[in-house]
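Report on one structure; see the data block that follows.
In my numbering, the protein residues as written are 960 to 1016.
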């Protein structure tokens, strides 16, 4: 069985940090056998916008 990959962008990631509904949606995608992924550019955007060490890690 092939895994389903869901590509998230920076805005989806940021919303999931603040919204329990969005976080639950991402967890549901993973629990149904999916994989949450991001491209290198999204990872760079997240690192660039980190305000402190905790955000960076």
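For glycine and all other residues, C-beta sits at the position ideal for the given N, C-alpha and C. Source: prediction; values computed, not measured.
Residues bridged to residue 994 (per DSSP): 964
Helix, strand or coil at residue 975 according to DSSP, with G and I counted as helix: helix
CB of residue 1005 within 9 Å of CB of residue 972, strictly: yes
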